[in-house]
């Protein structure tokens with residue numbers, strides 16, 4: 002069976018006044034129906050640009066310059082704008098990091114959720130409001146009929162994120178893109194939201210592209226993981242395999258440098274070659290910064306190689 | 002040994018503005034009578050969720066905010082009784098590191114001026130000696146000589162945080178309040194800055210109040226940890242004890258909520274229900290009782306005192322001895 006989403010050689014560049022920034026430099030991954038792929042990396046690695054590229058929401062001076070985005074066999078890059086609008090928010094929807102900026106402050110919660118149903122499902126005003134109340138119930142908001150009449154500022158951060166999730170789920174999408182959905186939330190609320198996403202995903206057999214930097218969240222929710230750096234996937238593997246046998250030096254560094262509960266260490270290991278000086282400056286590759294044994298061929302990118310079934314690594318080192 | 006700093010019944014309230022139609026001004030008790038000590042050379046971690054009053058606590062200690070009540074004893078002397086003028090020499094001793102390395106550096110000042118300014122203000126150095134001292138400080142925090150004439154926008158987040166640390170170290174303080182110093186940073190940068198904070202602590206014999214919401218980072222860096230909920234300290238203990246066997250249900254719930262970076266320990270989590278109540282209207286009795294799995298009638302009536310539950314482990318819970326029943330298996 003073909004995957005739900007098949008991304009082939011995606012490249013998104015930004016043609017800025019200061020020069021060309023290759024934000025995404027040839028990405029390959031697939032997501033099956035009901036599967037969760039976590040896209041992990043630090044700021045500037047291209048993970049959010051990847052999400053925007055999928056939805057064709059990259060703004061100039063940025064542009065998708067290369068690649069195929071096959072969604073249910075159809076290349077999203079080839080779709081005319083009106084058909085893309087039918088997919089966006091309907092078959093593929095998105096949850097953003099900051100719920101306050103994703104919601105319109107001058108419309109009630111009810112109006113905003115109902116809008117999705119009226120637009121994509123051609124529901125009547127009344128049907129849409131009933132549907133909205135139903136969705137609020139599903140995302141764990143009590144007194145939904147009361148809440149429908151409230152404005153975003155009247156809700157807490159966790160409640161707002163639940164509303165955003167309700168909007169994203171309104172049309173029962175096949176793919177949910179969640180870009181740091183809990184980063185702005187406190188830890189107890191984060192746990193509630195992740196739990197909710199997990200539950201809804203299971204009920205609906207919905208696939209998820211989860212963009213995050215939190216390796217704890219990855220370990221608890223993802224089926225497979227892509228570790229990104231400088232616009233490229235460095236390692237791509239089933240979650241268990243990646244945590245058991247991290248192979249790329251960058252993955253190893255990321256896993257080593259986080260403090261873990263119940264594990265007191267004297268010092269935190271630091272990722273090689275990124276210490277102190279500004280190697281992480283935009284556009285510069287992690288590969289450029291690696292010391293000799295890791296990248297003996299400096300001018301050429303190492304290919305993504307399958308080291309064991311479904312576990313891929315981009316590294317010259319054996 | 003005499004503590005470096007002792008806080009007694011510190012309180013700070015804010016008043017909400019009345020609405021457009023008038024009405025009652027509401028009192029928000031951001032810090033509601035907290036007491037703790039900082040021992041010389043230790044790191045006390047202060048954790049809690051947004052709005053629990055941890056940042057207000059940090060600012061009030063340094064008198065960046067004036068507390069409403071309580072005492073702050075620095076080397077045994079209540080600094081709240083000092084005038085603004087006599088406070089100044091003491092400010093040398095107490096510095097702050099801020100969360101946002103983008104907002105806490107003046108974009109129009111060169112790095113040399115940012116780091117040198119406290120030295121000038123406190124008349125500790127001038128001219129050539131000042132530049133020498135700034136260069137030495139930049140070296141201490143892992144920056145280069147060439148950086149001295151650059152502007153903040155030329156640096157990454159991690160480097161800016163290093164500049165903030167150099168500025169705090171310039172006047173040779175004994176106490177540093179670090180308010181979420183690594184939470185805006187990427188993982189790999191976070192590790193570097195945590196290491197740097199530990200290095201300079203040893204080198205300059207610093208005492209830290211480390212305010213953060215990331216429980217793993219706090220465990221890593223702290224000797225002791227205080228947990229705050231709605232303006233009050235609910236638990237205070239040695240870091241190892243508190244993380245191994247929390248004695249307050251809220252601490253237990255916080256620890257349960259942290260996702261573990263280990264797929265083999267994936268588990269059915271015991272989730273804390275509901276959200277923190279508004280600090281404008283804290284619940285009667287124990288503030289935590291509406292969300293607490295251990296709560297009983299007594300909890301609805303009476304706020305528990307922060308009491309020693311054995312071996313100096315303080316917790317404010319009527320049923321502290323029972324806590325642990327709802328801990329996630331690890």
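Chains as they are written, first to last, in the working numbering: chain A, 2 to 319; chain B, 2 to 331. Glycine included, each C-beta is placed from N, C-alpha and C at the ideal position. Note that the coordinates shown come from a computational prediction; the quantities given were computed from them, not determined experimentally.
At a beta-carbon threshold of 7 Å, none of the residues of chain B lie near residue 181/A; the nearest stands roughly 13 Å away. Residue 253/B and residue 326/B have their C-alpha atoms some 9 Å from each other. Taking a Cβ-Cβ threshold of 8 Å, the residues of chain A close to residue 261/B are 217, 220, 221, 261 and 262, in chain order. Taking the C-beta atoms as reference points, residue 106/A is found nearer than 8 Å to residue 153/A.
Residues of the region 207-218 of chain B with a C-beta atom less than 9 Å from some C-beta of chain A are 214, 215, 216, 217 and 218, listed in chain order.
Inclusion of residue 227/A and residue 237/A in the CB contact set at 8 Å is warranted, their separation being smaller than that value. Taken in chain order, the members of the region 269-280 of chain B whose beta-carbon sits within less than 7 Å of a beta-carbon on chain A are 270, 272, 273 and 276.
Between the region 313-322 of chain B and the region 231-241 of chain B there are three or more inter-stretch CB-CB distances shorter than 8 Å, so the stretches are counted as touching.
Shown here for residue 148/B: same chain residues with a beta carbon closer than 7 Å to its own, the five before and five after excluded, namely 112 and 139 in chain order. In this structure, residue 50/A lies away from residue 169/A, with their beta-carbon atoms at least 8 Å apart. Chain A has a Cβ within less than 8 Å of the Cβ of residue 193/B. Chain-ordered, the chain B residues with CB closer than 7 Å to the CB of residue 258/A read 188, 189 and 192. For residue 91/B, the uninterrupted alpha helix (DSSP H) segment begins and ends at 85-92. When Cβ pairs closer than 8 Å are counted between the two stretches, the region 35-44 of chain A is seen to touch the region 203-214 of chain A, the count reaching three or more. Look at the beta carbons and you see the region 140-151 of chain A not touching the region 58-74 of chain A: under three pairs across the two are nearer than 8 Å. Residue pairing by DSSP puts residue 239/B in a beta bridge opposite 225/B. Contacts with chain A (Cβ-Cβ distance below 8 Å) from the region 9-26 of chain B involve no residue at all. Residue burial is scored here from C-beta neighbours: residue 16/A has fewer than 16 other C-beta atoms within 10 angstroms and is therefore classed as exposed. Per DSSP, the beta bridge partners of residue 30/A are 8/A.
Within the region 154-182 of chain A, the residues whose Cβ lies closer than 7 Å to any Cβ of chain B are, in chain order, 157 and 159.
Chain order gives no chain B residues near residue 69/A, where near means a beta carbon separation below 8 Å; the closest approach is about 31 Å. DSSP, reduced to helix, strand and coil, places residue 312/A within a strand of the structure shown. Inter-residue distance for residue 188/A and residue 283/B is about 20 Å (C-alpha atoms, whole angstroms). One alpha carbon belongs to residue 74/B, the other to residue 248/A, and they sit about 52 Å apart. The CB of residue 75/A never comes closer than 7 Å to any CB in chain B; the least such distance is about 33 Å. When DSSP reads this structure, residue 286/B sits in no beta bridge, so it has no partner.
Rounded to the nearest whole angstrom, the CA to CA distance from residue 213/B to residue 124/B is 33 Å.
If you ignore the 5 residues before and after residue 158/B, its C-beta comes within less than 6 Å of the C-beta of 102 and 186, all in its own chain and listed in chain order. Nearest in C-alpha terms to residue 199/B, of all of 151/B, 172/B, 251/B and 141/B, is 141/B.
In the three-state reduction of the DSSP assignment, residue 18/A falls in the coil class.
If you check the CB distance, residue 138/A and residue 159/A do not come in under 8 Å. Put simply, the CB of residue 309/A is far from chain B, with every gap to its CB atoms at 8 Å or more. Counting the other Cβ atoms within 10 Å of the Cβ of residue 232/B gives 16 or more, which makes it buried. DSSP places residue 75/B in the strand class (E or B) of the three-state scheme. Cα atoms of residue 67/B and residue 13/B: separation of roughly 8 Å, rounded to the nearest angstrom.
Around residue 256/B, the beta-carbon contacts reaching into chain A at under 8 Å are 262.
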